[in-house]
Every structure is written in C-alpha cells, then in structure tokens.
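Peer 1:
There are 2 protein chains.
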Amino acid sequence: MVTDDLVLGRQVCFALYAASRALTDVYRPILDEFGLTYPQYLVLLVLWERGDDVPTVSELGAALRLDSGTLSPLLKRLEAAGVLVRSRSARDERRVEVRLTDAGRALRERMCGVPLRVARATGLTEAELIGLRDTLTRVTETIHRQREK
Amino acid sequence: MVTDDLVLGRQVCFALYAASRALTDVYRPILDEFGLTYPQYLVLLVLWERGDDVPTVSELGAALRLDSGTLSPLLKRLEAAGVLVRSRSARDERRVEVRLTDAGRALRERMCGVPLRVARATGLTEAELIGLRDTLTRVTETIHRQREK
DNA sequence: AGCAACTTAGTTGCGCACAACTTAATCGGT
DNA sequence: ACCGATTAAGTTGTGCGCAACTAAGTTGCT
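Keeping their order, the protein sequence lines are chains L and B.
The first sequence begins at 22 in my numbering and counts up one residue at a time.
The second sequence begins at 22 in my numbering and counts up one residue at a time.
1. Using a Cβ cut-off of 9 Å, pull out every chain B residue sitting near Ile-164 of chain L, in sequence order please.
2. Is it buried or exposed for Arg-49 of chain L, if we count other Cβ within 10 angstroms and need 16 for buried?
3. Starting from Glu-118 of chain L, trace the beta strand (DSSP E) in both directions and tell me its first and last residue.
4. Under 8 Å, do Leu-139 of chain L and Cys-133 of chain B count as touching if we go by C-beta distance?
5. Could you name the residues of chain L that Val-64 of chain B contacts, counting a contact when the two beta carbons are closer than 8 Å?
6. Can you grab the Cα-Cα spacing for the pair Leu-150 of chain L / Val-117 of chain B, in whole Å?
7. Residues of chain B with a CB under 7 Å from the CB of Phe-35 of chain L: which are they?
8. Cβ closer than 8 Å: which chain B residues qualify as neighbours of Glu-149 of chain L?
9. At a cut of 8 Å, does the stretch 89 to 103 of chain B reach the stretch 57 to 67 of chain B through at least three beta carbon pairs?
10. Whole-angstrom Cβ separation of Leu-105 of chain B and Gly-125 of chain B, contact assumed at under 8 Å?
11. Going by C-alpha distance, which of B:Arg-168, B:Thr-161, B:Gln-167 is nearest Ala-43 of chain L?
12. Note down the Cα distance separating Arg-154 of chain B from Asp-113 of chain L, rounded to an integer number of angstroms.
13. Taking a contact to mean a Cβ-Cβ separation below 8 Å, would you say Tyr-38 of chain L touches Ser-41 of chain B in this structure?
14. Val-160 of chain B by DSSP, collapsed to three states: which one?
15. Below 8 Å on C-beta distance, what does Thr-77 of chain L contact in chain B?
16. Return the first residue and the last residue of the beta strand (DSSP E) that Val-106 of chain B is part of.
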C-alpha cells in the first residue's frame, strides 16, 4: 500500500534529520565552552588536519561541501574570534587563504577530548560507530556522484 | 595518539552532517515541484499520519522535535500556501490546532511517489535502509534519553 | 595586446533551528 | 475567589545553508 510509505517513522530521511540534530545538541554545550558553533568546529578540523598546507576558502568548501555564501560570514566570525586569519593570495588575488593563528592551533590541544565525549553520548560501540560512519559516507558519495552527471 | 581522533574523515558526526545535507539535496528539487521545503514536508507527513486526530502546534513539535520558534513561522507559511489552517482551540485558548485543508489532503496522493524516488537516490538496498534507519533512531533516542536526566 | 569566458569570494534574501523572551490562558493551592 | 506557578504559542535575534547575484581577478583565444 502506497500510504504506508509516507508514515514518518518509516522514513530514513527523518531518522537522518533527527539524528543529525540530536548529535548537534550533544556538541552544542561542549563547543560552547570554547565559544564555537558546530560548523565552525568543522572548519577548525580541516585546518588542523591540513597543517602547513594552507587551504583557500573554496578548498575548505570542497572539504565540507559548503559554498562561499555559508563560509564567508562564518570565517569572518572565526577571524573576529581570533582563531584564524584570512588573506588574499599574492599570486592569485581571487583566492583567499585561511590560516590558523597561534590561538587557533592551541585550541586543538584543548579540544582533543571532544570527539570521545560525543561518541560516548551516542551510546554506540566503536564497531557500530564505524559501521554507521561507513554507511553514511557511502550514502553521501552515492548521492554526490549522481548529482555530478 | 590523540591527534588522529580529530581527523575529519574519521568522525561519525561529520558523516551524519554531510549525509543529512546530501539527502536534503535530493529532496529539494522533488519537493520544489510541490512548492514545499523539507521541514514543511515533514509537518505534512505528521498531519497525514494523524488523520482526524488534529494535533496542536506543540504536538507537532513533539513529533518532529521542533519548538514553536521554528514551527510558528513555518506553519504560517504553510497556511499562506493554503495546505493547512491554524485555529485556537475552543476549550483551551492557549492551544492552536493545525488542520489540513482539502488541498493539503490532496497533496498526499500527488506525493505518494516521493519516498521511493528518494530511497533510490541513496543507492542502498531496502535492508540497508532499514538497518541504517534503526541505528540512527537508536542514536537519537539514546541522546534524548540522556538529555532528560 | 585585447577581450570574452571563466573562476573566486563576497553579498543578499529566504527559510530553517534554537535560545531567550513576551503575552495570554489555565491550573492549583489556599 | 484569588493569585502565583505553569503551559502554549508567538516574537526577536543569531547563525547556518543555499540560491541567485555581484565584483574583481585570471585565463585563453585570436
């Protein structure tokens, strides 16, 4: 029966939407201790990971799948907070390079316990977390691959 | 090493955030045909499911885990679009009852193919979808149970 | 060299999410 | 019956997320 497919509880989409917001709820008070929002934290993860390989705004966007409409004001706030600096590339004035400040690098040490605190709140085992992550990653990549055609 | 835990690709949180947005990307053009956004569609799912059991704003909020700050303007837009009507309860003037119009009920038939179209775009089998949904639902409930303490 | 096509960031506008607050109605204890 | 506490919906303000657009710089073709 077609009708049953429309029931809220049966939809994977709602489960994904609800779980994503629930996890953000877990992050919020934790990240609040550091004056960060969740998307801002994701930007820092990319910058920490890159190290000396300084990304541009669009490279950050490729990593997080966010466009300049989202990133420009977000990066402006992170710059105002003193964790990073934006500067035009000398060899290509269109590009803006995003560099951590010392304060931004120092945050990495202070926040190293965050992922574990969040993982515990999910109530899943490590194996379940890995399985979940891999399934989700596969879904995301399938969708993006189809959109590129 | 603590450092490895902070790498973006290893984080379940990012996988969840990315998958949720990717799935919304799948919905957007489909729902656009009906003039709806994704959260608006979720509200309709609840209303269709309830049938004659007319929910209040806060009952909708409990089903979708959204507060009046989100729902009030959203419902106002759906009312302006003609798919539902809001009216103060006669027996408790604080409550606002949310009722489908004929147009809102008619949308259900027109949209019955939507879930299947979206499910196909994920590239997962039916069994994988069910497994994913159940894992996500478990995560969400674990988090909410902990928050209530 | 000149110029059209493209790339990169940024801006604007809209719709969520959510915290904090306001307003109005109901409940509960005395 | 009164009045403080609670409940329900709405409002305000902030920060995403994304579409559409703008401004400025670079590339490539002739």
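Beta carbons: idealized from backbone N, C-alpha and C, even for Gly.
Peer 2: This is what the structure holds:
1. Locating residue 164 of chain L in the first sequence gives position 143, counting from the first residue. Neighbours of Ile-164 of chain L on chain B, chain order: Ala-40, Ala-43, Leu-44, Asp-46, Val-47, Ala-142, Thr-143, Gly-144.
2. Counting from 1 along the first sequence, the entry for residue 49 of chain L is found at position 28. Exposed.
3. Residue numbering aside, residue 118 of chain L sits at position 97 when the first sequence is read from its first letter. Residues 117 to 121.
4. Within the first sequence, the letter at position 118 stands for residue 139 of chain L. Within the second sequence, the letter at position 112 stands for residue 133 of chain B. Checking the sequence shown, residue 139 of chain L turns out to be Val, not Leu. Contact flag unset, no.
5. Translated into positions along the second sequence, residue 64 of chain B becomes position 43. Going along chain L, no residue has its Cβ under 8 Å from Val-64 of chain B, so there is no contact; the nearest lies around 10 Å.
6. The count along the first sequence starts at 1 and reaches residue 150 of chain L at position 129. The count along the second sequence starts at 1 and reaches residue 117 of chain B at position 96. Spanning the two alpha carbons is a distance of roughly 41 Å.
7. For the purposes of this step, residue 35 of chain L is taken as residue 14 along the first sequence, with counting starting at 1. Within chain B, the residues near Phe-35 of chain L are Leu-63.
8. Counting from one through the first sequence, the residue named residue 149 of chain L turns up at place 128. What Glu-149 of chain L touches in chain B: Thr-156.
9. yes
10. Locating residue 105 of chain B in the second sequence gives position 84, where the first residue counts as 1. Locating residue 125 of chain B in the second sequence gives position 104, where the first residue counts as 1. Confirmed, Cβ separation roughly 5 Å.
11. On the first sequence, position 22 is the one that residue 43 of chain L refers to. Comparing Cα positions, the closest option is B:Thr-161.
12. Indexing the second sequence from 1 puts residue 154 of chain B at position 133. Indexing the first sequence from 1 puts residue 113 of chain L at position 92. Spanning the two alpha carbons is a distance of roughly 46 Å.
13. Mapped onto the first sequence, residue 38 of chain L falls at position 17. Mapped onto the second sequence, residue 41 of chain B falls at position 20. Taking 8 Å as the Cβ cut-off, Tyr-38 of chain L and Ser-41 of chain B qualify as a contacting pair.
14. Translated into positions along the second sequence, residue 160 of chain B becomes position 139. Val-160 of chain B: helix per DSSP, three-state reduction.
15. Here residue 77 of chain L corresponds to residue number 56 of the first sequence, with the count starting at 1. None at all; the shortest Cβ gap to chain B is about 17 Å.
16. Position 85 of the second sequence, counted from the first residue, corresponds to residue 106 of chain B. Element bounds for Val-106 of chain B: 105 to 109.
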